[in-house]
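*Asks:*
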Amino acid sequence: MQLFEQAAAFSEVGAGLQLGPNATRILQAWGLGPALDAVAAFPERIVARSSTSGRELAGLPLGQQAVQRYGAPYATAHRRDLHAILLQAVQAQTGAQLHLGSAVAGFQESVQAVQLQLTDGRQAQGDALIGADGLWSRVREQALADGRAQPTGHLAYRALIARADLPAALRANEVSVWFGVRQHVVAYPVRGGQWLNLVVIVQGAASQELPGWDDVGAAADVRQALANCCSTLQALAEAAPSWGRWSLYDRAPLSSAAQMAGGRIALLGDAAHPMRPFLAQGAAMALEDAAELGAALAALGASQADIPAALAHYAGQRWQRAARVQARSRRNGQIFHLAGPLQWARNAALGLLGHKLMDLPWLYGYRGTL
Ligand SMILES: Cc1cc2nc3c(=O)[nH]c(=O)nc-3n(C[C@H](O)[C@H](O)[C@H](O)COP(=O)(O)OP(=O)(O)OC[C@H]3O[C@@H](n4cnc5c(N)ncnc54)[C@H](O)[C@@H]3O)c2cc1C
Numbered sequence: 032m033q034l035f036e037q038a039a040a041f042s043e044v045g046a047g048l049q050l051g052p053n054a055t056r057i058l059q060a061w062g063l064g065p066a067l068d069a070v071a072a073f074p075e076r077i078v079a080r081s082s083t084s085g086r087e088l089a090g091l092p093l094g095q096q097a098v099q100r101y102g103a104p105y106a107t108a109h110r111r112d113l114h115a116i117l118l119q120a121v122q123a124q125t126g127a128q129l130h131l132g133s134a135v136a137g138f139q140e141s142v143q144a145v146q147l148q149l150t151d152g153r154q155a156q157g158d159a160l161i162g163a164d165g166l167w168s169r170v171r172e173q174a175l176a177d178g179r180a181q182p183t184g185h186l187a188y189r190a191l192i193a194r195a196d197l198p199a200a201l202r203a204n205e206v207s208v209w210f211g212v213r214q215h216v217v218a219y220p221v222r223g224g225q226w227l228n229l230v231v232i233v234q235g236a237a238s239q240e241l242p243g244w245d246d247v248g249a250a251a252d253v254r255q256a257l258a259n260c261c262s263t264l265q266a267l268a269e270a271a272p273s274w275g276r277w278s279l280y281d282r283a284p285l286s287s288a289a290q291m292a293g294g295r296i297a298l299l300g301d302a303a304h305p306m307r308p309f310l311a312q313g314a315a316m317a318l319e320d321a322a323e324l325g326a327a328l329a330a331l332g333a334s335q336a337d338i339p340a341a342l343a344h345y346a347g348q349r350w351q352r353a354a355r356v357q358a359r360s361r362r363n364g365q366i367f368h369l370a371g372p373l374q375w376a377r378n379a380a381l382g383l384l385g386h387k388l389m390d391l392p393w394l395y396g397y398r399g400t401l
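Using the numbering used here, you'd call the opening residue of the sequence shown number 32 and step up by one each time.
1) Reducing DSSP to helix, strand and coil, say where H304 ends up.
2) Do the CB positions of V170 and V135 come within less than 8 Å of each other?
3) Given 7 Å as the limit, tell me if A39 has its C-beta closer than that to any heavy atom belonging to ligand 1.
4) Would you list the residues sitting across from P182 in a DSSP beta bridge?
5) Sorted by chain position, which residues of the same chain lie with C-beta nearer than 6 Å to L342's C-beta, five sequence neighbours on each side aside?
6) For P104, does the count of other Cβ atoms within 10 angstroms reach 16, so buried, or fall short, so exposed?
7) Would you decide whether D158 is buried or exposed? Buried here means 16 or more other CB atoms lie within 10 Å of its CB.
8) What number of angstroms, rounded off, separates the C-alpha of Q255 from the C-alpha of G300?
9) For L67, tell me which candidate among A39, E75, R111 and V230 has the shortest Cα-Cα distance.
10) Within the present structure, is the beta-carbon of R429 separated from the nearest heavy atom of ligand 1 by less than 7 Å?
11) So S81 is in the beta strand (DSSP E); what residue range does that whole segment cover?
12) Grab me the residues of V208's own chain with a C-beta within less than 6 Å of its C-beta, minus the 5 sequence neighbours each way, in chain order.
13) What residue range is occupied by the uninterrupted beta strand (DSSP E) comprising T150?
14) Quick one: is A249 buried, meaning 16 or more other Cβ sit within 10 Å of its Cβ, or exposed?
15) Put V59 into one of helix, strand or coil per three-state DSSP.
16) Taking the beta carbon of M306 as the centre, do at least 16 other beta carbons fall within 10 Å, making it buried, or is it exposed?
17) Whole angstroms is fine: what's the gap from A2's alpha carbon to Q225's?
18) Just confirm the distance between the C-beta atoms of E323 and Y345, as a whole number of angstroms; I'd bet it's less than 8 Å.
19) Determine contact between the segment 138–156 and the segment 50–59, defined as no fewer than three beta-carbon pairs at a distance below 8 Å.
20) Report all residues from its chain with a CB closer than 8 Å to the CB of P220; omit the five preceding and five following residues, and keep chain order.
21) So if DSSP puts A190 in a beta bridge, which residue, or which two residues, is it bridged to?
22) Which residues in the same chain have their Cβ closer than 6 Å to the Cβ of A268, if we skip the five residues on either side of it in sequence?
23) Report buried or exposed for S42, applying the criterion of at least 16 other Cβ atoms within 10 angstroms of its Cβ.
24) What are the boundary residues of the beta strand (DSSP E) that A69 is part of?
25) State the CB to CB distance for the pair L48 and A314, rounded to an integer number of angstroms; the pair is presumed to be in contact (CB under 8 Å).
26) Is D112 near ligand 1, with its Cβ less than 7 Å from a heavy atom?
27) Does at least one heavy atom of ligand 1 sit under 7 Å from the Cβ of F73?
28) Run the proximity test for G300: is its beta-carbon closer than 7 Å to any non-hydrogen atom belonging to ligand 1?
29) L117 by DSSP, collapsed to three states: which one?
30) Is the distance from the Cβ of A180 to the Cβ of R86 below 8 Å?
31) Between G162 and Y397, what straight-line distance do the alpha-carbon atoms span, to the nearest angstrom?
32) So, helix, strand or coil for V217, using DSSP?
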């Protein structure tokens, strides 16, 4: 197996990831549970609050209860830590070769093989090509030619705060979500609980590509977005030493298996199904894809006889679930940002049904081939 990565070195800055039991179960099955335990945090609950009053609307117990319900924990981790765990696992496999500084320009597919062209003129040949090249996938562009991902009209502001610097009231071991009008805020511990990952999502902002960190204008934007929020939330935002700012993009939910695989080409993760982060499942879906793809290829045995059929099987197993998660992520964004009477209805429903609305057995209980 050969992996081609455009970056000369891996250096993703400051973002956290929630990893539901559907994702941690896969890491455990790959023997990476102990490595995750060493770097992740394991929140005791998810709590939904009003961002104006700070009032708790509903909570879902996690911790041991998540393990009992789903057989695997609900974890929160720094993206860089998860990446390091996966990279080490790849490097430990004798059959895997990692090529950094190798940007894919395109490919040519024949009945027997796929030829890959890199932007620097190098070429490589293989039995199949898996495009796991993210939101702006070059492989997807050539394979499907279905246009670019579209801006969702949201900006995400992200910060990391040393938890030791926060007052005790803001150091709870939980995933906190504050619902506001046209904005919401999510906070959870990462790096073994030493840091708090804080994300402010704001709707209606100008949609342009704004990747970056240490963005001076971002702190003022966040202050403005949280102007009508409770003092707790404002204090939390003020504690952030710096902010990164990203525009969000997605695609419509998948509508067929053919969008994930055809012939000797398959897509995986954001390349196949970029989604809004409102269900915190993008990376988890990439892990589920990888587990399913691994199983489909392993079932071929040594002969590697029918790779297109194995890729088609993978796509058939995956596309409907990924589409459901994409659609649910979109819906969550609307529910989180409701205004007026609908906001009161949402809060009343949360108050009445509490964790029944927040627990998602179809999502967290998924086992796929595991
Ligand atoms: C604000 C926010 C919060 C999020 N929170 C969560 C969360 O809590 N939980 C969760 O599960 N997900 C979350 N996500 C989603 C998650 O970050 C993505 O879904 C996930 O990173 C997708 O992984 P991927 O490997 O498919 O793509 P990427 O992580 O984008 O990786 C693609 C890789 O391909 C490389 N590449 C790109 N083009 C080329 C090329 N031409 N040649 C060679 N290499 C190339 C890139 O350099 C990169 O290394 C969040 C996203 C956002 C924006």
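Ideal Cβ placement from N, Cα and C applies to all residues, glycine included.
No experiment lies behind these values; they were computed from the predicted model shown.
*Replies:* Looking at the coordinates:
1) coil
2) yes
3) no
4) Y280
5) A292 and A297
6) Buried: at least 16 other Cβ atoms inside 10 Å.
7) exposed
8) 34 Å
9) R111
10) Since the displayed the chain opens at 32 and closes at 401, residue 429 lies outside it and no answer follows.
11) R76 to S81
12) A79 and V217
13) Run containing T150: none; DSSP gives neither H nor E here.
14) buried
15) Reading off the sequence shown, one finds Gln at residue 59, where the question assumed Val. Looking at Q59 - three-state DSSP - the assignment turns out to be helix.
16) buried
17) Look at the range of the chain in this structure, 32 to 401, and you will see that residue 2 is not part of it.
18) The distance from the Cβ of E323 to that of Y345 is about 6 Å, consistent with a contact at the 8 Å cut-off.
19) They do not touch, by the three-pair rule.
20) The residues are A72, P74, T107, R194, N204, W226, L227 and N228.
21) L229
22) Excluding residues within five positions, the ones whose Cβ falls inside 6 Å are V253 and L257.
23) exposed
24) Counted as a single uninterrupted DSSP element, the stretch harbouring A69 is not any beta strand (DSSP E) but the alpha helix (DSSP H) occupying residues G64 to V70.
25) 5 Å
26) no
27) no
28) yes
29) helix
30) no
31) 24 Å
32) strand
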